[in-house]
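Inspection log for the structure reproduced underneath, given as structure tokens.
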Amino acid sequence: MAPATQAVQTFGKKKTATAVAHAKEGRGLIHINGSPISLLKPEILRFKVYEPILVAGEDAFSAIDIRLRVKGGGHTSQVYAIRQAIAKAIVAYYAKYFDAASALELKKKLVAYDRTLLIADPRRAEPKKFGGHGARARRQKSYR
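Written as structure tokens, this is what we have:
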């Protein structure tokens with residue numbers, strides 16, 4: 194039997210979007226739904242996905258391949274879920290297969306840059322209620 198590969202599985206969430214990341218030993222490739230990270234649309238939000246890579250340093254990703262699957266939500270929510278999954282994957286991989294000190298250092302770097310890279314945003318859309326056009330807005334009252 195072949196030796197088991199070193200791999201971790203993490204997830205990132207934003208609103209209703211969920212991204213699942215599989216990080217395993219490799220040569221620094223990152224694929225989102227089967228296509229390379231460089232082809233992610235929209236282009237404006239592509240830099241948001243690069244943030245955890247740039248903050249942690251490209252050398253941290255050189256020995257790891259990350260495969261992501263993302264579904265639900267809109268474009269922006271998916272991008273935020275992807276960046277969170279990537280950041281959590283690198284920290285989990287370092288904690289499991291390298292040393293805890295380097296994982297803690299990575300974690301501190303990422304949280305110092307942006308807390309949502311590792312900690313999920315708990316805000317959700319509030320459901321609409323009767324008697325108005327939205328969750329809180331009510332119909333205008335007229336006395337005449």
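Quick note on my numbering: the sequence shown kicks off at 194 and runs consecutively. We treat Cβ as the ideally placed atom computed from N, Cα and C, and that holds for glycine.
DSSP-derived helix/strand/coil call for residue i
i: Phe204; result: strand
i: Thr211; result: strand
i: Ile257; result: strand
i: Ser228; result: strand
i: Glu218; result: strand
i: Arg262; result: strand
i: Ile223; result: strand
Alpha carbon of residue i to alpha carbon of residue j, nearest angstrom
i: Thr203; j: Gly324; result: 42 Å
i: Tyr142; j: Arg276; result: Nothing can be reported for residue 142, as the shown portion of the chain is limited to 194 through 337.
i: Phe254; j: Phe291; result: 13 Å
i: Pro315; j: Arg337; result: 43 Å
i: Ala293; j: Phe240; result: 28 Å
i: Ala328; j: Gly250; result: 43 Å
i: His215; j: Ala288; result: 15 Å
i: Ala305; j: Ala282; result: 17 Å
i: Leu297; j: Val284; result: 8 Å
i: Pro320; j: Ile223; result: 36 Å
i: Ala256; j: Ser295; result: 15 Å
Exposure of residue i, with buried meaning 16 or more beta-carbon neighbours within 10 Å
i: Arg317; result: exposed
i: Pro245; result: buried
i: Lys264; result: exposed
i: Gly227; result: exposed
Nearest candidate by alpha-carbon position, reference residue i, set the options
i: Val248; options: Ala280, Ala294, Lys321 and Ala313; result: Ala280
i: Lys234; options: Thr211, His268 and Leu261; result: His268
i: Glu218; options: Val272, Pro315, Leu299 and Asp258; result: Asp258
i: Arg260; options: Ile312, Val201 and Ala330; result: Val201
i: Leu310; options: Gln199, Gly205, Ala197 and Thr198; result: Gly205
i: Gln199; options: Ala274, Tyr286, Tyr273 and Glu236; result: Tyr286
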